[in-house]
Amino acid sequence: MEIKRDRYLKALKVRMHNGMIKVITGIRRCGKSYMIFHIFKNFLLESGVAEDHIITIELDQRKNKELRNPDHILDYIDERIKDSEQYYILLDEVQMLEDFEEVLNSLLHIGNVDVYVTGSNSKFLSKDIITEFRGRGDEIHIYPLSFKEFMEAYDGDQYKGWADYVTYGGLPLTVTMQTEEQKIQYLSTLFDETYIKDIVERNRIDRIQELNDLINVLASSIGALTNPTKIEGTFRSVIQSNISVNTIRQYIEYLKDAFVITEAQRFDVKGRKYIGTPVKYYFEDVGLRNARLGFRQVEETHLMENIIYNELRMRGFKVDVGVVQKRERDAEGVTAKKQLEVDFVATLGSKKYYIQSAYSLPDAEKIKQEKASLISINDSFKKIIIVKDVINVRHDEDGVEYINIYDFLLQENSLEL
Numbered sequence: 000m001e002i003k004r005d006r007y008l009k010a011l012k013v014r015m016h017n018g019m020i021k022v023i024t025g026i027r028r029c030g031k032s033y034m035i036f037h038i039f040k041n042f043l044l045e046s047g048v049a050e051d052h053i054i055t056i057e058l059d060q061r062k063n064k065e066l067r068n069p070d071h072i073l074d075y076i077d078e079r080i081k082d083s084e085q086y087y088i089l090l091d092e093v094q095m096l097e098d099f100e101e102v103l104n105s106l107l108h109i110g111n112v113d114v115y116v117t118g119s120n121s122k123f124l125s126k127d128i129i130t131e132f133r134g135r136g137d138e139i140h141i142y143p144l145s146f147k148e149f150m151e152a153y154d155g156d157q158y159k160g161w162a163d164y165v166t167y168g169g170l171p172l173t174v175t176m177q178t179e180e181q182k183i184q185y186l187s188t189l190f191d192e193t194y195i196k197d198i199v200e201r202n203r204i205d206r207i208q209e210l211n212d213l214i215n216v217l218a219s220s221i222g223a224l225t226n227p228t229k230i231e232g233t234f235r236s237v238i239q240s241n242i243s244v245n246t247i248r249q250y251i252e253y254l255k256d257a258f259v260i261t262e263a264q265r266f267d268v269k270g271r272k273y274i275g276t277p278v279k280y281y282f283e284d285v286g287l288r289n290a291r292l293g294f295r296q297v298e299e300t301h302l303m304e305n306i307i308y309n310e311l312r313m314r315g316f317k318v319d320v321g322v323v324q325k326r327e328r329d330a331e332g333v334t335a336k337k338q339l340e341v342d343f344v345a346t347l348g349s350k351k352y353y354i355q356s357a358y359s360l361p362d363a364e365k366i367k368q369e370k371a372s373l374i375s376i377n378d379s380f381k382k383i384i385i386v387k388d389v390i391n392v393r394h395d396e397d398g399v400e401y402i403n404i405y406d407f408l409l410q411e412n413s414l415e416l
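With numbering that gives the first Met the number 0, the residue at position 149 of the sequence shown is 148, and numbering never jumps.
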């Protein structure tokens with residue numbers, strides 16, 4: 000069964016003919032090539048574009064080795080542009096092209112071409128194209144499968160699907176695999192042989208064990224506030240390593256550049272300003288995170304939080320960690336400031352949502368705890384608690400909305416319910 004990935008097709012469609020290079024970014028194996036060479040190309044053909052007006056070049060293919068030369072590829076493209084009609088150029092693994100900047104600049108000056116490129120490996124990251132073509136590069140970031148996309152291809156109900164998704168994540172190939180052994184081997188090998196190898200080669204890292212240790216530390220603490228100084232303390236006390244704070248900071252940047260992890264900053268809700276460190280880190284794919292730890296720490300509470308964070312970003316939201324300052328009086332009547340946390344402040348244009356992730360709400364005390372930060376925010380934006388428990392959408396006396404994880408993930412308009 001084909002996974003449609005309509006969100007990304009729509010993003011490509013609205014950017015057609017905008018005079019910019021469309022740069023498809025994303026973690027390795029998330030489906031970038033499939034998106035442009037299969038889904039987008041089929042859309043063009045169904046829209047009436049002649050096949051000979053779609054020029055596709057997979058630069059990692061041996062048969063296209065000669066086209067990695069800038070003059071050869073420009074000649075190849077020029078030979079295929081035979082009239083003034085619109086042409087579409089789809090280039091995969093563009094980092095394999097010598098002097099790719101010059102080639103893409105040349106293509107920008109051809110009036111009747113629309114250019115789409117992907118690329119991400121140890122010698123080049125899609126981020127570099129965005130930097131190189133600032134103002135002329137238009138990024139479409141592709142994520143691993145959302146839970147909704149995952150369920151389109153999954154053979155089972157949503158509850159069994161959730162158990163698989165929270166364990167093995169959403170890299171497209173995993174959903175086609177029949178056994179747990181296949182998935183475990185694929186994800187474990189992919190992390191070591193692709194992601195780690197790319198980062199090491201690209202950044203010429205000698206202390207590979209320290210990079211591996213850092214990834215393990217980050218994987219063990221998803222959703223926890225941290226910073227390079229705290230992590231350095233962990234290295235000293237637990238791993239007995241003398242890695243420096245600057246090295247940790249560099250390695251974190253490398254992981255972010257490769258789209259392995261993402262950083263969520265803290266935002267002072269009442270003061271309307273960003274706070275420095277500490278921050279939170281989440282993994283682009285929870286299956287990769289679990290593989291990194293040998294599937295020994297599949298803690299659904301934290302993984303659910305990571306999945307909610309990723310889903311919000313897939314929907315286009317800027318996602319921060321909310322901080323709410325509140326004054327409370329203790330038993331002796333002394334007033335003191337207390338800092339409360341909102342798991343996510345999700346912002347998109349004029350829309351804003353305050354969201355808590357709560358695996359379960361077994362009693363009134365737990366509900367009170369989860370609500371505390373939300374009801375301390377004095378504005379009209381929606382306050383939502385997403386729970387694992389299967390419940391109908393409801394609102395309580397404080398205006399807080401409760402929605403279950405399945406409704407949130409499977410309904411695109413779930414935040415509007």
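The beta carbon of each residue, even a glycine, is placed where N, CA and C say it ideally should be. Since the structure is predicted, the reported quantities are computational estimates derived from the model, not experimental observations.
Cβ-Cβ distance between residue i and residue j below 8 Å
| i | j | result |
| --- | --- | --- |
| I204 | K31 | no |
| D137 | R14 | yes |
| I88 | V22 | no |
| N215 | R291 | yes |
| E100 | E131 | yes |
| L414 | I383 | yes |
| Y158 | F146 | no |
| I247 | P227 | yes |
| M19 | R135 | yes |
| Y352 | I376 | no |
| F460 | L11 | Nothing can be reported for residue 460: it is not among the residues displayed for the chain, which extend from 0 to 416. |
| V333 | A357 | no |
| L106 | L58 | no |
| I198 | L217 | no |
Cβ-based burial, residue i [other Cβ within 10 Å; buried from 16]
| i | result |
| --- | --- |
| H16 | exposed |
| S379 | exposed |
| V318 | buried |
| N412 | exposed |
| A363 | exposed |
| Q355 | buried |
| A257 | buried |
| G398 | exposed |
| Y273 | exposed |
| Q324 | exposed |
| K279 | buried |
| E327 | exposed |
| S372 | buried |
| A162 | exposed |
| E1 | exposed |
Inter-residue Cα distance where the pair is residue i and residue j
| i | j | result |
| --- | --- | --- |
| E151 | L409 | 10 Å |
| Q208 | I109 | 48 Å |
| S121 | I195 | Confidence at S121 is low in this model, with a pLDDT of 42, below 50, so its placement is unreliable and the value that follows should be read with caution. Looking at the two C-alpha atoms, the distance is approximately 9 Å. |
| V48 | R133 | 29 Å |
| R295 | G168 | 15 Å |
| L44 | L172 | 26 Å |
| N245 | I230 | 11 Å |
| E255 | G222 | The amino acid at residue 255 is misidentified as Glu; the sequence shows Lys. Going by the C-alpha atoms only, they are around 16 Å apart. |
| F190 | D388 | 32 Å |
| L170 | Y185 | 10 Å |
| E200 | E192 | 11 Å |
| R4 | E331 | 58 Å |
| Y75 | T188 | 37 Å |
| I306 | V285 | 7 Å |
| D267 | Y250 | 27 Å |
| Y153 | D342 | 29 Å |
| Q181 | L8 | 30 Å |
| M34 | E299 | 30 Å |
| T117 | N289 | 27 Å |
| T166 | V297 | 7 Å |
Beta-bridge partners of residue i, as assigned by DSSP
| i | result |
| --- | --- |
| L90 | I56, V116 |
| Q338 | Q324 |
| K473 | A query on residue 473 cannot be resolved here, the shown segment of the chain reaching from 0 to 416 and no further. |
| Y273 | F266 |
| D319 | V344 |
| V386 | A357, N403 |
| L71 | In the sequence on display, residue 71 carries His and not Leu. Answer is none; H71 lacks a bridge partner. |
| H394 | E400 |
| T24 | H140 |
| K419 | The structure shown does not extend to residue 419, since the chain spans only 0 to 416, so no value can be given for it. |
Residue i: CB within 7 Å of a non-hydrogen atom of the ligand NAP
| i | result |
| --- | --- |
| L210 | Only the bare structure without any ligand can be found here, which leaves the ligand NAP out of the picture. |
Check your understanding: Taking only runs of the alpha helix (DSSP H) that begin and end inside the segment 136 to 194, which ones reach a length of at least 4 residues, in chain order?
Key -> 146 to 152, 157 to 167, 171 to 175, 179 to 189
Which runs of the beta strand (DSSP E) fall wholly inside the segment 343 to 377 and span at least 3 residues, in chain order?
350 to 357
Which runs of the alpha helix (DSSP H) at least 4 residues long sit entirely within the segment 209 to 257? Give them in chain order.
227 to 233, 244 to 256
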